[in-house]
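Q: Below you will find the structure I want to go over with you.
Protein chains in written order, with the working numbering: chain A, 2 to 293; chain B, 7 to 314.
So this is what it looks like as structure tokens:
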């Protein structure tokens, strides 16, 4: 808290009181949310996720209820596990869209000259934006989950839904969002151009880590350092026939190992990413100068 | 000694291997009034203002606002600071109201006072409708919104980087009047290239060139530092160059501005000035005889030229 100030200019007596860090955090988060909700990228991404999810459901409906049930081993948990297999991809795209330029915007546009001259510590700006980005990313993913749930209810009946596992999967999606946004914010603090931050986030999290995962699997090494690998836990928690790894034969005496992160392992990797990258982005953001 | 409102001590900033953008600049600002921060482009004015609000970190030296370091302790250092630097722009998706409320709440205005404060700024600065999105505003409107944000919550230190840049003449007058009122009970440090504005508003000037503080003094004393060496004279009728021979005999050179208006350059002495006026009146009736530059402008140009 800082000292109160009282002054009079014009017709209004200005009464300022100290404002707590929590109060400023609420203000920044709410303003950032207002901004996100009005951007085309949020509305567009929401519409796109809804469109792709609806299309997936439409194909399943076209195949017929029986065929879909057989393909999913007649279990709604398998159906949900398969349907939600792309949750990680959507989260990475949303994290790139909302986090990839969350900090660089202050150093590449006039936004920084508006926000960074206010008596708000930079860590509050970062955390406020991070929370807002988390909320909008979860809003996007929730649409995807809603379609998955609707499909499960339609094909397997309301009574078959594994609610606890579904909630656990959603919880893992939230933690995955924290981790992905941590990386996105970190890259955003590194680059000056917002577009670069968005692009590099997608390239790093999706293309880079997926490629790394594939290469390690060919070498029969568990890709425990990959966030995309950890993201598999969101589907794995719903999978009743979960296998941590499978050896796939390549030829005579040759095979490669397909790894799937267990729930706890995935959760641990996600938390580690968030624990490393969020503080790192705070340090980078704090040190960054407005030289433009 | 108590903490000054604004204090820079041996402040330097270097970008890469270039020459210092700011070179051991020191000043202490206290009380109220307007201080003009002048200098050619690239002199280090904006760099100084950025350092004062922690947008840049000093290479050496220090900045204190009311005793606090704006980088290490932003909240306390900037609590009484309203800064308008470069071209601040709120998110284009926010409405004018959203953008100002964000600033008001961040500066500790009680919720019930935010609207009243926005209304005050809306009236004083003739802001666009509060429901308009910032992204749809003209450059001048955005500049006024940014200025309103600077004033939200009535901070007592105002750091303004060319505050009337991007405004049309009528808007400039509005802002100049407002600043004239604010300087009575605020400390205003403003950089500007508008000498009329500076001469009109500022009680004191700091002149910067090539990153070094050349001079700090009261505005009127700076204006008196250099003799005025150019006057503009307007005759009641057209005057041919040949008719100006008596002026040349007094050591003046004349350059025609319009058919009836001439600019005379001379040694700047009071006696010669008087003699020139008398000589002009002998040539034709004189409608106007005045300094061709503002005294402050002339002093500024001479100081900067001398440094170069």
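Where a beta carbon is used, it is the ideal one built from N, C-alpha and C, also for glycine.
Residue 33/A to residue 199/A, Cα distance in whole Å?
A: 17 angstroms
Q: Would residue 71/B and residue 12/B be called neighbours here (beta carbons separated by less than 9 angstroms)?
A: yes
Q: Can you pull the chain A neighbours of residue 59/B, defined as C-beta to C-beta under 8 angstroms?
A: Neighbours of residue 59/B on chain A, chain order: 117, 118.
Q: Report back the beta-carbon spacing between residue 187/A and residue 272/A to the nearest angstrom; my notes put them in contact at under 8 angstroms.
A: The Cβ separation is near 16 angstroms, so there is no contact.
Q: So, are the CB atoms of residue 185/B and residue 207/B less than 9 angstroms apart?
A: Note that the C-beta distance between residue 185/B and residue 207/B is below 9 angstroms.
Q: What is the DSSP secondary structure of residue 164/A, reduced to helix, strand or coil?
A: helix
Q: Determine which residues share a DSSP beta bridge with residue 15/B and list them.
A: Residue 15/B is bridged by DSSP to 68/B.
Q: Does the contact criterion of 3 or more C-beta pairs under 8 angstroms hold for the region 73 to 82 of chain A versus the region 94 to 107 of chain A?
A: no
Q: Three or more C-beta pairs closer than 8 angstroms, one from the region 16 to 32 of chain A and one from the region 99 to 112 of chain B: is that the case here?
A: yes
Q: Interface residues of chain A around residue 95/B at Cβ under 8 angstroms?
A: 110, 111, 112, 114, 115
Q: Run through DSSP, which three-state label would residue 159/A get?
A: Here residue 159/A sits in helix by DSSP.
Q: Once DSSP output is grouped into helix, strand and coil, what is the label at residue 221/A?
A: coil
Q: Among 276/B, 190/B, 204/B, 161/B, which one has its Cα closest to the Cα of residue 169/B?
A: 204/B
Q: Short of 6 angstroms in beta carbon distance, which residues of its chain neighbour residue 96/B, apart from the five on each side in sequence? Order them along the chain.
A: 105, 140
Q: Using a Cβ-Cβ cut-off of less than 8 angstroms, list which residues of the region 39 to 59 of chain B approach chain A; keep chain order.
A: 56, 59
Q: Verify whether the separation of the beta carbon atoms of residue 230/A and residue 267/A is less than 9 angstroms.
A: yes
Q: According to a CB-to-CB cut-off of less than 9 angstroms, which residues of the region 18 to 49 of chain A neighbour chain B?
A: 18, 19, 20, 22, 24, 25, 27, 28, 29, 31, 32, 33, 35, 36, 37, 38, 39, 40
Q: Starting from residue 25/A, trace the alpha helix (DSSP H) in both directions and tell me its first and last residue.
A: 22 to 38
Q: In three-state DSSP terms, what is residue 194/B?
A: Three-state result, residue 194/B: strand.
Q: Would you tell me roughly how many angstroms separate the C-alpha atoms of residue 223/A and residue 260/A, rounded to the nearest one?
A: So the two alpha carbons sit approximately 6 angstroms from each other.
Q: Residues of chain A with CB under 9 angstroms from residue 170/B, in chain order?
A: Going along chain A, no residue has its Cβ under 9 angstroms from residue 170/B, so there is no contact; the nearest lies around 16 angstroms.
Q: According to DSSP, is residue 91/A helix, strand or coil?
A: helix
Q: For the 8 angstroms Cβ check, are there 3 or more pairs between the region 233 to 249 of chain B and the region 279 to 294 of chain B?
A: yes
Q: Using the beta-carbon of each residue, which ones in chain B are nearer than 8 angstroms to residue 292/A?
A: 21, 62
Q: Exposed or buried, which one is residue 198/B when buried takes at least 16 other CB atoms within 10 Å?
A: buried
Q: Anyone know if the C-beta pair for residue 196/B and residue 103/B falls short of 9 angstroms?
A: no
Q: Are the beta-carbon atoms belonging to residue 282/B and residue 232/B less than 9 angstroms from one another?
A: no
Q: Who are the Cβ neighbours of residue 51/B in its own chain at under 8 angstroms, not counting the five residues just before and after it?
A: 43, 44, 45, 167, 197, 214
Q: Residues in its own chain within less than 7 angstroms of residue 148/A by CB, not counting five upstream and five downstream?
A: 54, 55, 58
Q: Classify residue 276/A as helix, strand or coil using the three-state DSSP reduction.
A: Residue 276/A falls in the helix class under three-state DSSP.
Q: Work out the CA separation of residue 305/B and residue 201/B for me, nearest whole Å.
A: 11 angstroms
Q: Give the DSSP-derived three-state secondary structure of residue 48/B in the structure shown.
A: Coil.
Q: 9 angstroms is my cut-off, CB to CB: does residue 121/A come that close to chain B?
A: Interface flag for residue 121/A against chain B is set, since a Cβ pair is found closer than 9 angstroms.
Q: If you run the structure through DSSP and keep just helix, strand and coil, what is residue 109/A?
A: helix
Q: Helix, strand or coil for residue 154/B, going by three-state DSSP, please let me know.
A: Residue state, collapsed to three classes: helix.
Q: For residue 292/A, which option in 136/A, 239/A, 193/A has the closest C-alpha, if you only look at C-alpha atoms?
A: 193/A
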